[in-house]
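In the numbering used here, the protein residues as written are 1204 to 1440.
Printed below as a string of structure tokens:
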């Protein structure tokens, strides 16, 4: 099970340390994830998994089309994410229906990746989860949670600029999540992304040093295992 490979302890041991990365929509969470990847950290994106599970032929794709009809498809047969977004972000009922279609499939993708990283000997994994706090069953798996923060006004401005949304469409997406100020008070660490990205990048690198503290490198664990084995053999245990 996933619990068997994930550590919520701060001491170095044989388990992985799982860090939750979250924020509000357009707060800069993905950019922070890229900085961590550039530093050699394994980052598993639930957004990327969500796109993967609705690709043609996947179980999530079939469930979504069955629920919302072929009207949400492009001429190529792919899901029209913009059209689907306009349907689900305007209705809580539709949003919950979509989540029931894809969340179990996303969980399968993430679990498989976690097990793979454990078998590879990965000691620290960052799990990028947009709705981490909204999903109450996820938090206990995390060693700690990092929130990427910007103001609600910046969220709206960035959404309108990045996605060419109207103010109404941007507000609908922001209001579909818990308030970023509410989430800020629940996080273990906060990265302030209200200013220059260079400052955000520096904060991320500094925080990474703290997150890695106490983790034994896999090489040290192997050496420790060999030493223990030798001791057992010498003393006929």
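We put the CB at the ideal spot given by N, CA and C, even for glycine.
Only a predicted model underlies this, so the values are computations on that prediction, with no experimental measurement involved.
For residue i, three-class secondary structure by DSSP
i	result
residue 1220	strand
residue 1407	helix
residue 1332	coil
residue 1283	coil
residue 1226	strand
residue 1252	helix
residue 1240	helix
residue 1389	coil
residue 1418	coil
residue 1232	helix
Contacting residues, own chain, Cβ-Cβ under 7 Å from residue i (five flanking each side not counted)
i	result
residue 1242	1408, 1411
residue 1231	1351, 1353, 1396, 1403
residue 1309	1249, 1252, 1253, 1256
residue 1235	1224, 1351, 1394, 1403, 1407
residue 1304	1263, 1266, 1267, 1270
residue 1300	1270
Own chain residues within Cβ distance below 8 Å of residue i, not counting five before or after
i	result
residue 1384	1355
residue 1275	1267, 1268, 1282, 1283, 1286, 1287, 1290
residue 1296	none
residue 1160	The structure shown does not extend to residue 1160, since the chain is modelled only from 1204 through 1440, so no value can be given for it.
residue 1447	Look at the range of the chain in this structure, 1204 to 1440, and you will see that residue 1447 is not part of it.
residue 1332	1223, 1224, 1225, 1249, 1338, 1341
residue 1258	1264, 1281
residue 1206	Confidence at residue 1206 is low in this model, with a pLDDT of 45, below 50, so the placement of that residue should be treated as unreliable; the coordinate-derived value is given next. So the qualifying residues of the chain are 1344.
Close Cβ partners of residue i (< 6 Å) along its chain, the five nearest in sequence each way excluded
i	result
residue 1320	1245, 1328
residue 1213	Its pLDDT being 40, under 50, residue 1213 is placed unreliably in this model, and the value from its coordinates should be taken loosely. For residue 1213, where only same-chain residues beyond five positions count, the Cβ hits under 6 Å are 1417.
residue 1368	1362
residue 1240	1246
residue 1373	1359, 1362, 1363
residue 1238	1404, 1407
residue 1424	Low confidence applies here, because residue 1424 scores a pLDDT of 49, under 50, leaving its location unreliable and the question unanswered by this model.
residue 1345	1221, 1223
For residue j and residue i, believed in contact at Cβ under 8 Å, the rounded distance
i	j	result
residue 1348	residue 1335	6 Å
residue 1330	residue 1221	6 Å
residue 1358	residue 1377	5 Å
residue 1261	residue 1313	At roughly 15 Å, the Cβ-Cβ gap does not stay under 8 Å, so residue 1261 and residue 1313 are not in contact.
residue 1219	residue 1326	6 Å
residue 1365	residue 1229	7 Å
residue 1227	residue 1380	6 Å
residue 1293	residue 1375	6 Å
Per DSSP, the bridge partner or partners of residue i
i	result
residue 1395	1352
residue 1245	1328
Contact test: residue i Cβ vs the ligand GTP heavy atom, cutoff 6 Å
i	result
residue 1322	With respect to the ligand GTP, the structure offers nothing, as it holds no ligand at all.
Next item on the list: Go through the region 1258-1333 residue by residue and report every complete run of the beta strand (DSSP E) that reaches 3 residues or more, in order.
Entry: 1327-1331
Margin query: Report the start-end ranges of each beta strand (DSSP E) in the region 1336-1381 that is 3 residues or longer and not cut off at the edges.
Written below: 1347-1352
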